[in-house]
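Counted from 1, the sequence shown has number 219 at position 212 by my numbering; the numbering is strictly sequential.
The structure appears below as structure tokens.
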Amino acid sequence: MKSPAAILMTALLACCVAARAEYRVEGNIGKGKLGAVSQIAIGANDTLCALEMNGKITVFNPDGTVASTLDTGLENTEALAVSADGSLYVLSTLTETKKVKSGARMRTVQVPVGVECGVFDAKGKKLKTMKLDQLKSARAARIVDGKLAVADLSARALVFHDVETGKETGRIKKGLRLCCGIFDFCEGPDNTVAISNLGAFKLQRYSLDGKLVSEFGKRGRGIDDFQGCCNPVSAAYLPNRGILTVEKDPTRIKVYDANGQNAVQIPGVEELVKGCSFIPVAVDSKGVIYLGAAEKGYIVKCVP
8 MKSPAAILMT ALLACCVAAR AEYRVEGNIG KGKLGAVSQI AIGANDTLCA LEMNGKITVF
68 NPDGTVASTL DTGLENTEAL AVSADGSLYV LSTLTETKKV KSGARMRTVQ VPVGVECGVF
128 DAKGKKLKTM KLDQLKSARA ARIVDGKLAV ADLSARALVF HDVETGKETG RIKKGLRLCC
188 GIFDFCEGPD NTVAISNLGA FKLQRYSLDG KLVSEFGKRG RGIDDFQGCC NPVSAAYLPN
248 RGILTVEKDP TRIKVYDANG QNAVQIPGVE ELVKGCSFIP VAVDSKGVIY LGAAEKGYIV
308 KCVP
């Protein structure tokens with residue numbers, strides 16, 4: 008008869024094995040139907056919503072067929088959040104043209120000055136537009152504990168807003184080492200958010216009041232490490248408690264156990280981007296993984 012300690016150890020090992028279930032690449036979605044994919048998210052009934060920089064959203068059924076398309080009328084759209092009822096929050100970074108001195112020359116640049124959020128129901132009907140309080144730019148967004156969380160690259164902060172008014176309710180800023188214009192996060196377990204702190208080569212999980220709950224990762228070439236200039240660029244929590252991380256240059260997609268250990272690389276994933284570029288990721292309720300090949304105009308699907 009096994010001792011209680013042995014039984015506990017067996018259970019923990021089984022949990023770790025389950026969390027690192029093997030994945031394979033099933034194929035591509037949206038090839039020939041998408042432009043530059045800026046963000047992806049899971050919608051109602053495990054549909055996949057693909058946002059482009061020009062404000063267009065294409066919604067795919069789980070089998071890869073197109074369910075619907077939506078022209079939001081917004082531009083410079085890099086952030087998309089979906090609520091529990093399927094409502095879409097599409098964020099547009101507003102810019103102004105300014106001239107700046109570069110050496111002996113003057114050049115024209117677009118400077119972020121604010122964020123507009125268009126809200127649409129699950130069928131694509133526009134519900135409202137609101138200006139988000141205190142934001143300069145939006146690189147990623149999620150609905151977390153009933154709040155709209157937005158990654159503001161200009162402020163180098165994750166900012167929380169009231170979903171009805173757009174007013175700021177809090178922010179996480181301390182310790183973020185962002186790089187290459189990339190700033191992404193995902194919802195974690197137990198009302199937390201996990202930030203891809205790529206300049207620090209860590210995935211860090213915070214409580215909603217900004218306290219660091221857990222972290223893992225370091226720079227290196229080992230399978231458990233994060234490689235290159237700065238990584239991971241994005242991450243997600245799987246239904247089986249595993250943790251998915253996404254690295255670029257070269258592309259490397261890994262699944263860790265619930266403690267951020269014992270990583271396994273998903274084989275057969277192509278080089279999704281060139282250089283230091285963002286790779287959006289989304290995971291549905293069945294654990295199916297979607298990876299955006301932004302400039303290639305399609306999405307790679309991986310299944311357990």
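A virtual CB, placed ideally from N, CA and C, is assigned to each residue, including glycine.
Counting along the chain, the unbroken beta strand (DSSP E) around Pro119 starts and ends at 112-127. At a cut-off of 3 residues, the continuous stretches assigned as beta strand (DSSP E) that sit fully inside the stretch 25-52 are 31-36, 44-49. Taking 8 Å as the upper bound for CB-CB distance, Ala242 and Cys193 are in contact here, some 5 Å apart. When C-beta atoms of the stretch 46-56 are compared with those of the stretch 276-291, three or more pairs fall below 8 Å, so the two segments count as touching. In the DSSP annotation of this structure, the continuous segment of the beta strand (DSSP E) that includes Asn204 starts and ends at 199-204. When DSSP states are grouped into helix, strand and coil, Lys303 belongs to the helix group.
Cys309 is the residue among Cys309, Gly121, Ala265, Asp264 whose C-alpha sits nearest the C-alpha of Glu277. Runs of the beta strand (DSSP E) spanning 3 or more residues and lying entirely within the stretch 126-205 occur at 133-138, 147-151, 154-159, 164-169, 175-179, 192-195, 199-204, in chain order. A direct Cα-to-Cα measurement between Ala265 and Asn198 gives close to 16 Å. Taking Thr76 as reference, the option from Glu82, Arg146, Phe67, Thr84 with the minimal CA-CA separation is Phe67. Here the alpha carbons of Thr176 and Asp216 stand approximately 10 Å from one another.
In the displayed model, Ala207 falls within a helix according to three-state DSSP. Counting other Cβ atoms within 10 Å of its Cβ, Gln117 stays below 16 and is therefore classed as exposed. According to the DSSP secondary-structure assignment, Glu222 is paired through a beta bridge with Gln211. Within the same chain, Cβ atoms closer than 8 Å to the Cβ of Pro246 are found at Val290, Ser292, Lys293, Gly294, the five residues on either side in sequence being excluded.
Annotation for Val240: no beta strand (DSSP E) segment contains it, and DSSP assigns it neither H nor E.
Pro239 is positioned such that its CB atom lies closer than 8 Å to that of Leu205. For Ala207 and Leu139, the gap between their C-alpha atoms comes out near 28 Å. A residue is called buried when at least 16 other Cβ atoms come within 10 angstroms of its Cβ; Asn83 meets this threshold and is buried. In the displayed model, Phe67 falls within a strand according to three-state DSSP. With respect to the 8 Å criterion, Ile36 and Gly71 are classified as neighbours on the basis of their beta carbons.
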